[in-house]
Amino acid sequence: MTGPSISQFLIACAFPQLSARSREQILLYLRTNPKYEVILEKLMEEGLVGLAYHHLKSVFPEVPPILLESLKTKTLVLAARQEKIMKQMSVLAAKLAQKNWRWAVVKGLSLTLRFYPESYWRFFYDVDLIVHPDDSRELAQFLLQNKFSSEARPSLQKGEGDLLDREKFWLYRPLYTQDELILEIHLGFPWLHSTPKSEVDFWNSRGTFTLNNHPLPCLSPEYELALLALHLQQHSYSRLIWLTDIVQLIQSQQIDWLKLEELAEREHIKASLGYTFLVLDHLWPGSISWAEKHRFSLKKRETLWLRLFFPLEPILNRKNIQDSPAHTPTFLKLLHQHKVRTWLKALKDFFFPPPHWVAHYYGLKPWSFKFFKHYLWRLSRPFSLIIKRLR
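Per our numbering, the sequence shown starts with residue 1381, numbered consecutively.
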């Protein structure tokens, strides 16, 4: 009988609670696989160093001391950096609290402090903010005035029209840095290439969490979960910790499932959520209830498209995960819309983004051979992707 695989070990480490079976799988794998540097590397890739350290120290002394010590060292280093980030962010939060801007902290920092018992379980390396497009310029000026350096994307260049608007918000994602703190700014909710129908509710439903006694705005659990599912698909389900985030959110029992279903139907992202829940249920049976799986069950056509873009077996085996374009969730959303104008606009954005943005983002000389070759690549990519998947 063969022992557990590396994927089974990683999946066991990624679940927030360590069951007796998971404990057995972890220990059996460690006894039969002494290449601890490979294990540490895989845990880093999946974002699981802190959570794995928590699990493995709970079963010490059955865990090899050399592996546990390596995990402890890496955890302490990452925790120290994370503490510096949070300290800087709390100072910034005190200043932002005086402004009447619409913004929210999403993903890493928000999830770590809201849904994880210990901050070292869930490491993050930057802080993601969603900002209302109408408040983005003032926020950008404020950050520069407070000694943040800007790695602005070409959206901020003059002479190309105002791309900081609702039509081109998906091009805008600058980074602002100050010492250890890296801020990544997103305009509006990432429904990708379209303004959400739920925009008013999106901002009005925000909650707060505290960081060193400073309140920070965050998304409602329903919008946070929707964002996490879309983010997973933008990155082709490439990291287990992002799936763990959704498990933690579900287990918090803060989700209004009816509201989540309504917003998913309104924004045409129900299939993306349904496939994410399907993946969760395969990885950790019982992590989502039968009722909620049924609520977000997939139609045959949806399953066909989703498995084409996100083949299930590599995701579950954590091997050879096949990348799909970051815009795939937008395409899946389009399948539920019937307006020709909506399709034409989205496809134009896919295949023909603004020339100055392409030149800057990809480092290409405008109107050069490589510049035109890039647009040809964008046009051919869907066909090459389908051919690869059908092999």
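Cβ atoms here follow ideal geometry from the backbone N, Cα and C, with glycine treated the same way.
Here DSSP, grouped into helix, strand and coil, assigns A1706 to coil. Distance from Q1525 to Q1468 at the Cβ level is roughly 16 Å; contact not present, criterion being Cβ atoms closer than 8 Å. For L1678, the CB contacts under 8 Å within the same chain, skipping 5 residues up- and downstream, are A1651, G1654, Y1655, L1658, L1686 in chain order. DSSP links E1564 through a beta bridge to D1508, L1555. For Q1397, the number of other beta carbons within 10 angstroms of its own is below 16, and it is reported as exposed.
Rounded to whole angstroms, the separation of the alpha carbons of Q1613 and T1708 is 7 Å.
Contact between G1427 and F1503 holds, with the beta-carbon distance rounding to 7 Å and staying under 8 Å.
With respect to the 8 Å criterion, I1701 and S1618 are classified as neighbours on the basis of their beta carbons. Taking a contact as a CB-CB distance under 8 Å, the pair V1507 and L1561 counts as one, their CB atoms being some 7 Å apart.
At a Cβ-Cβ threshold of 8 Å, L1491 and D1625 count as neighbours. In this structure, the CA atom of E1641 is about 20 Å from the CA atom of F1711. Our two residues, K1464 and S1632, have alpha carbons roughly 27 Å apart in a direct line. In summary, A1477 is exposed, with fewer than 16 beta-carbon neighbours lying within 10 Å of its beta-carbon over all protein chains present.
Burial state of D1636 is exposed, judged by a 10 Å Cβ sphere holding fewer than 16 other Cβ atoms. In this structure, DSSP gives V1485 an extended state, which the three-state scheme calls strand.
Under the 10 Å beta carbon count, I1406 is surrounded by 16 or more other beta carbons and is classified as buried. Checking the DSSP bridge columns, you'll see S1616 has no partner listed.
In the same chain as K1437, and ignoring 5 residues on each side of it, the C-beta atoms closer than 7 Å to its own belong to L1448, in chain order. DSSP places G1587 inside the beta strand (DSSP E), whose first and last residues are 1587-1591. Restricted to the stretch 1448-1496, the beta strand (DSSP E) segments that are unbroken, complete and at least 3 residues in length are 1483-1486, listed in chain order. Excluding sequence positions up to five before and after L1390, its CB lies within less than 8 Å of the CB of K1422, L1423, E1426, L1428, L1620, R1698, all in the same chain and listed in chain order.
Distance from the CA atom of K1713 to the CA atom of E1442, rounded to whole angstroms, is 48 Å. Comparing alpha-carbon positions, the option among E1498, K1479, G1488, P1513 lying closest to F1522 turns out to be K1479.
If you draw a straight line from the Cα of Y1500 to the Cα of N1593, it comes to about 19 Å. The continuous beta strand (DSSP E) containing P1595 extends over residues 1594-1598.
Here DSSP, grouped into helix, strand and coil, assigns S1748 to coil. Beta-bridge pairing by DSSP links S1530 to Y1556. The three-state secondary structure of I1630, taken from DSSP, is helix. Here the alpha carbon of S1748 sits roughly 12 Å from the alpha carbon of V1738. Residues of the same chain with a CB within less than 8 Å of the CB of R1646, apart from the 5 flanking positions on each side, are K1577, S1578 in chain order. Here the stretch 1723-1736 lies against the stretch 1754-1768, with 3 or more beta-carbon pairs under 8 Å apart. By alpha-carbon distance to I1668, the top candidate from S1704, P1705, Q1628, I1649 is Q1628.
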